[in-house]
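Undergrad:
Protein chains: 2
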Amino acid sequence: MPIDQRRPREIRADIRAGHISGVTAGLGPGYVQANLAALPRDQAYDFLLFCQRNPRPCPLLEVTDVGAVEPVGVAPGADLRTDIPRYRIYRSGVVVDETTDATRYWRDDLVAFLLGCSFTFEWALLEAGVQLRHIEQGRNVAMWRTSIPCRPAGIFHGQMVVSMRPIPASLLARAVTASARFPGAHGAPIHIGDPAAIGIRDLDQPDWGDAQEFKPGDVPVFWACGVTPQAAALASKPPLMITHSPGHMFLTDIPNSTLAAL
Amino acid sequence: MPIDQRRPREIRADIRAGHISGVTAGLGPGYVQANLAALPRDQAYDFLLFCQRNPRPCPLLEVTDVGAVEPVGVAPGADLRTDIPRYRIYRSGVVVDETTDATRYWRDDLVAFLLGCSFTFEWALLEAGVQLRHIEQGRNVAMWRTSIPCRPAGIFHGQMVVSMRPIPASLLARAVTASARFPGAHGAPIHIGDPAAIGIRDLDQPDWGDAQEFKPGDVPVFWACGVTPQAAALASKPPLMITHSPGHMFLTDIPNSTLAAL
Chain A
-15 MPIDQRRPRE IRADIRAGHI SGVTAGLGPG YVQANLAALP RDQAYDFLLF CQRNPRPCPL
45 LEVTDVGAVE PVGVAPGADL RTDIPRYRIY RSGVVVDETT DATRYWRDDL VAFLLGCSFT
105 FEWALLEAGV QLRHIEQGRN VAMWRTSIPC RPAGIFHGQM VVSMRPIPAS LLARAVTASA
165 RFPGAHGAPI HIGDPAAIGI RDLDQPDWGD AQEFKPGDVP VFWACGVTPQ AAALASKPPL
225 MITHSPGHMF LTDIPNSTLA AL
Chain B
-15 MPIDQRRPRE IRADIRAGHI SGVTAGLGPG YVQANLAALP RDQAYDFLLF CQRNPRPCPL
45 LEVTDVGAVE PVGVAPGADL RTDIPRYRIY RSGVVVDETT DATRYWRDDL VAFLLGCSFT
105 FEWALLEAGV QLRHIEQGRN VAMWRTSIPC RPAGIFHGQM VVSMRPIPAS LLARAVTASA
165 RFPGAHGAPI HIGDPAAIGI RDLDQPDWGD AQEFKPGDVP VFWACGVTPQ AAALASKPPL
225 MITHSPGHMF LTDIPNSTLA AL
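Chains A and B, in that order, give the protein sequences. Numbering follows the numbering used here, with no gaps: position 29 of the first sequence is 13. Numbering follows the numbering used here, with no gaps: position 77 of the second sequence is 61.
Rendered as structure tokens:
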């Protein structure tokens, strides 16, 4: 994948100006990228509580003040209405638009939630010498809805969604310790091995993303996935919800290393 | 201090029946004890956001559903109105009662927040061989309001409150690593050494608790303190707030080890 070594702030300016509208993998290497979910204030308390009760799939990095478009904690000066390459607009749980500028949909009562994403722990895995098959093969990871219930909060409920990566057995322990250091990016695996134990029937048929190729000795390793909160939010059919489009993340100014647990 | 080795569930039953009304140090060793702050639903969103934005002083263990008195996540079967030895009742930021049974003050719109407390990391320090002067001397720790601002959230704002323990220089590193494992109980120190650097003028004059005796070679070590959210909440003068009385904590059923970071 192409690497854009500039600082996130410069890249966001290009996104805002409409010069970048593609996926963000490879942009601003070393910096945390985030999922966006913006919801009306009326739904925000339940969503915040859902994230607090389910921190593994929903690692909160930033919650804006009501109506604020600047995520002051992770990207001062940014504008969440324009600085993501592509947005999805949902009304009552249904996609009504996909756009590169969410300004005309934004409302004064929206609260924006930014959540950690797998890019950070994948970086940690690669740094630790754990190769990732889907990156080698230029594919997306495989994702499933599991049988593991999230702890509900108000109107939000649902099963945990996981992503799966094939890991050589000899590197399992390293994959656990390397990702566990980053609780702000889903942390350690939630399951290793038998897919049936968490309600996954067929590793060749993911619910989202691409099937993965296993090499001899590879073990399936499952991490909590940021699709979880989005799926739970959509199931509750909020009147308005604005998210990033899959793969089109928000680039923060904080280095991956700042998400490391002490 | 006397040790009550029974399980928290049995001790809570004695508290509920009125047989125990004192401080909870030494009760149910090995299990997490928690701070209580119960607030009306109207203030709960801002308080939840304040805790999310300030996790070191405000490590959330449990947030009940609106009106629920059972903290199902950490103590199934418990009743937060009766199972704490002593409560303080605040109206508009002023103590109006201290009681062993909060039932008559509880309202259907209250949300109860349980936050981790220093007992867990003090246990971790002792297990790691770090002696604690205030325990040896039968005193309370020393606490100060610092110059470190919390990140505000809605109506809640304030400076971080810290507790201080004198630690021998040779054990500083061990004190850091032992407490850092427990982010759910304030985690690693937020400052080591010079009190003036965080706005503390006189180590002999704590804002709360007892002055500590230093032995030669001891260094002052400061941890974020659960007084922070309570002070921030009271400063906003909520119409009703119910807390535990200092030292009279809620006993959960979860072992200290479950708060260890992965």
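For glycine and all other residues, C-beta sits at the position ideal for the given N, C-alpha and C.
1. Jot down the residue ranges of each uninterrupted beta strand (DSSP E) in the stretch 19 to 93 of chain B, minimum 3 residues, whole runs only, in chain order.
2. Which residues in chain B sit within 9 angstroms of Gln36 (chain A), going by Cβ to Cβ distance?
3. Note down the Cα distance separating Pro152 (chain A) from Asp202 (chain A), rounded to an integer number of angstroms.
4. In chain order, what residues of the same chain lie with their CB nearer than 7 angstroms to the CB of Pro43 (chain B), ignoring the 5 residues before and after it?
5. Which stretch, first to last residue, makes up the alpha helix (DSSP H) that contains His118 (chain B)?
6. Cutting at 7 angstroms between CB atoms, please list the residues of its own chain near Val114 (chain B), excluding the five before and the five after it.
7. Helix, strand or coil for Gly142 (chain A)? Go by DSSP, reduced to three states.
8. Identify the contact partners of Ala112 (chain A) in chain B, using a Cβ-Cβ distance below 8 angstroms as the criterion.
9. Spell out a yes or no on whether the stretch 19 to 36 of chain B and the stretch 131 to 140 of chain B are touching, meaning 3 or more CB-CB pairs, one atom from each, closer than 8 angstroms.
10. In the DSSP assignment, find the alpha helix (DSSP H) that holds Ala164 (chain A) and state where it starts and stops.
11. Are the CB atoms of Ile73 (chain B) and Tyr89 (chain B) nearer to each other than 7 angstroms?
12. Out of curiosity, what's the CA-to-CA distance linking Thr8 (chain B) and His232 (chain B)?
13. Determine, using beta carbons only, whether Gly12 (chain A) and Leu235 (chain A) come nearer to each other than 7 angstroms.
14. At 7 angstroms on the CB atoms, spell out the chain C contacts of Ala62 (chain B), in chain order.
15. Is the beta carbon of Trp247 (chain B) sitting closer than 7 angstroms to the one on Ile184 (chain B)?
16. Just by C-beta distance, which residues in the stretch 166 to 187 of chain A are closer than 9 angstroms to chain B?
17. Let me see if you follow: with CB-CB separation under 7 angstroms, is Ala245 (chain B) close to chain A or not?
18. Using only CA atoms, which one of B:Ala217, B:Ser241, B:Asn240 and B:Pro239 lies nearest to Val79 (chain B)?
19. Taking only beta-carbon positions, decide if Tyr74 (chain B) is within less than 7 angstroms of chain A.
20. Less than 7 angstroms between the C-beta atoms of Leu116 (chain B) and Arg149 (chain B), yes or no?
21. Note down, in chain order, each residue of its chain lying with its Cβ closer than 6 angstroms to the Cβ of Ala86 (chain B), except the 5 sequence neighbours on either side.
22. Apart from the five residues just before and just after Ile238 (chain A), which ones in its own chain have a Cβ nearer than 6 angstroms to its Cβ?
23. Per DSSP, what kind of secondary structure is Gln214 (chain A) in: helix, strand or coil?
24. Only counting the same chain, and skipping five residues up and downstream in sequence, which positions put a Cβ closer than 7 angstroms to that of Gly14 (chain B)?
25. For chain A, find out if any of its Cβ atoms is closer than 7 angstroms to the Cβ of Tyr71 (chain B); answer yes or no.
26. Let me make sure I understand the geometry here. Which of B:Pro230, B:Pro222 and B:Pro213 has the alpha-carbon closest to that of Gly193 (chain B)?
27. Quick one: Cα of Pro250 (chain A) to Cα of Phe198 (chain B), how far?
28. Mind reading off the beta-carbon distance from Ile(-1) (chain B) to Asp(-12) (chain B)? Whole number of angstroms is fine, and I expect it under 8 angstroms.
29. Name the chain A residues whose beta carbon is nearer than 8 angstroms to that of Ala28 (chain B)?
30. In this structure, does DSSP put Leu235 (chain B) in helix, strand or coil?
31. Going by C-alpha distance, which of B:Val95, B:Gly10 and B:Val146 is nearest Thr104 (chain B)?
32. Quick one: Cα of Asp188 (chain B) to Cα of Gly77 (chain A), how far?
33. By the 10 Å Cβ neighbour count, where 16 or more other Cβ atoms means buried, how is Gln121 (chain B) classified, buried or exposed?
34. When you compare each of B:Arg(-7), B:His228, B:Gln196 and B:Ala208 to Asn124 (chain B) by their alpha carbons, which one comes out closest?
35. Less than 6 angstroms between C-beta atoms, sequence neighbours within five positions excluded: which residues of the same chain meet that for Ala97 (chain B)?
36. Roughly how many angstroms separate the alpha carbons of Ala126 (chain B) and Val95 (chain B), rounded to a whole number?
TA: So, from the listed chains and residues:
1. Runs found: 44 to 47, 71 to 75 and 78 to 83.
2. Locating residue 36 (chain A) in the first sequence gives position 52, counting from the first residue. The answer, in chain order, is Leu32, Cys35, Gln36, Leu44 and Val47.
3. As a first step, residue 152 (chain A) is located in the first sequence; it is residue number 168 there, counting from the start. As a first step, residue 202 (chain A) is located in the first sequence; it is residue number 218 there, counting from the start. Separation of Pro152 (chain A) and Asp202 (chain A) (C-alpha to C-alpha, rounded to the nearest whole angstrom) is 4 angstroms.
4. Indexing the second sequence from 1 puts residue 43 (chain B) at position 59. For Pro43 (chain B), same chain residues with a beta-carbon under 7 angstroms away, outside a window of 5 residues either side, are Leu99, Gly100, Pro167, Gly168, Ala169 and His170 in chain order.
5. Within the second sequence, numbered from 1, the residue matching residue 118 (chain B) stands at position 134. Arg117 to Glu120 is the extent of the alpha helix (DSSP H) around His118 (chain B).
6. The sequence position of residue 114 (chain B) within the second sequence is 130, counting from 1. So the qualifying residues of the chain are Ile151, Leu155, Arg158, Ala159 and Ala162.
7. To locate residue 142 (chain A), count along the first sequence from 1; it is residue 158. DSSP places Gly142 (chain A) in coil when its eight states are reduced to three.
8. For the purposes of this step, residue 112 (chain A) is taken as the residue at position 128 of the first sequence. Neighbours of Ala112 (chain A) in chain B, taken as residues at a C-beta separation under 8 angstroms, are lacking, since the least C-beta distance is about 15 angstroms.
9. With a cut-off of 8 angstroms, the stretch 131 to 140 of chain B and the stretch 19 to 36 of chain B count as touching, because enough Cβ pairs lie within range.
10. Here the question's residue 164 (chain A) lines up with position 180 in the first sequence. Annotation: the continuous alpha helix (DSSP H) that includes Ala164 (chain A) extends over Leu156 to Ala164.
11. For this step, residue 73 (chain B) is matched to residue 89 along the second sequence. For this step, residue 89 (chain B) is matched to residue 105 along the second sequence. The beta carbons of Ile73 (chain B) and Tyr89 (chain B) sit closer together than 7 angstroms.
12. Counting from 1 along the second sequence, the entry for residue 8 (chain B) is found at position 24. Counting from 1 along the second sequence, the entry for residue 232 (chain B) is found at position 248. Spanning the two alpha carbons is a distance of roughly 5 angstroms.
13. Taking the first residue of the first sequence as 1, we reach residue 12 (chain A) at position 28. Taking the first residue of the first sequence as 1, we reach residue 235 (chain A) at position 251. In contact: Gly12 (chain A) and Leu235 (chain A) (Cβ atoms closer than 7 angstroms).
14. Among the protein chains in the structure shown, which are A and B, there is no chain C.
15. One cannot answer for residue 247 (chain B) here, as it falls past the ends of chain B, which runs -15 to 246.
16. Answer in chain order: Pro167, Gly171 and Ala172.
17. In the second sequence, counting from the first residue as 1, residue 245 (chain B) sits at position 261. It does; some Cβ of chain A falls within 7 angstroms.
18. Here the question's residue 79 (chain B) lines up with position 95 in the second sequence. Comparing Cα-Cα distances from Val79 (chain B) to each of B:Ala217, B:Ser241, B:Asn240 and B:Pro239, the minimum goes to B:Ala217.
19. Within the second sequence, numbered from 1, the residue matching residue 74 (chain B) stands at position 90. No, because no Cβ of chain A sits closer than 7 angstroms to the Cβ of Tyr74 (chain B).
20. For the purposes of this step, residue 116 (chain B) is taken as residue 132 along the second sequence, with counting starting at 1. For the purposes of this step, residue 149 (chain B) is taken as residue 165 along the second sequence, with counting starting at 1. It is a contact, given that the beta carbons lie within the stated cut-off.
21. By 1-based counting over the second sequence, the position of residue 86 (chain B) is 102. If we look at Ala86 (chain B) and ignore the five residues flanking it on each side, its Cβ neighbours are Arg65, Tyr71 and Ile226.
22. Locating residue 238 (chain A) in the first sequence gives position 254, counting from the first residue. Hits under 6 angstroms: Val16 and Val58.
23. As a first step, residue 214 (chain A) must be located in the first sequence, where it is residue number 230. Reduced to three states, the DSSP call for Gln214 (chain A) is helix.
24. As a working note, residue 14 (chain B) is residue 30 in the second sequence. Same-chain partners within the cutoff: Pro239 and Asn240.
25. The sequence position of residue 71 (chain B) within the second sequence is 87, counting from 1. Not closer than 7 angstroms to any Cβ of chain A, the Cβ of Tyr71 (chain B) fails to qualify, so no.
26. Here residue 193 (chain B) refers to the residue found at position 209 when the second sequence is read from its first residue. Distance from the Cα of Gly193 (chain B) is smallest, within the candidate group B:Pro230, B:Pro222 and B:Pro213, for B:Pro230.
27. Since the first residue of chain A shown is -15 and the last is 246, residue 250 (chain A) is not available in this structure.
28. Residue mapping note: residue -1 (chain B) aligns to position 15 of the second sequence, counting from 1. Residue mapping note: residue -12 (chain B) aligns to position 4 of the second sequence, counting from 1. 11 angstroms between Cβ atoms; not a contact.
29. Here the question's residue 28 (chain B) lines up with position 44 in the second sequence. What Ala28 (chain B) touches in chain A: Tyr29.
30. The residue given as residue 235 (chain B) occupies position 251 in the second sequence. Three-state result, Leu235 (chain B): strand.
31. The count along the second sequence starts at 1 and reaches residue 104 (chain B) at position 120. Each of B:Val95, B:Gly10 and B:Val146 was checked against the Cα of Thr104 (chain B), and the nearest Cα belongs to B:Gly10.
32. Residue 188 (chain B) sits at position 204 when you count from the first residue of the second sequence. Residue 77 (chain A) sits at position 93 when you count from the first residue of the first sequence. C-alpha separation (whole angstroms): 59 angstroms.
33. Residue numbering aside, residue 121 (chain B) sits at position 137 when the second sequence is read from its first letter. If you draw a 10 Å sphere on the C-beta of Gln121 (chain B), you find fewer than 16 other C-beta atoms in it, and that means exposed.
34. As a first step, residue 124 (chain B) must be located in the second sequence, where it is residue number 140. The shortest C-alpha separation from Asn124 (chain B) is found at B:Gln196.
35. Counting from 1 along the second sequence, the entry for residue 97 (chain B) is found at position 113. Reading off the sequence shown, one finds Phe at residue 97 (chain B), where the question assumed Ala. Cβ contact annotation for Phe97 (chain B) (same chain, cutoff 6 angstroms, sequence separation greater than five): Ala21 and Val47, in chain order.
36. As a working note, residue 126 (chain B) is residue 142 in the second sequence. As a working note, residue 95 (chain B) is residue 111 in the second sequence. If you take the alpha carbons of Ala126 (chain B) and Val95 (chain B), they lie about 30 angstroms apart.
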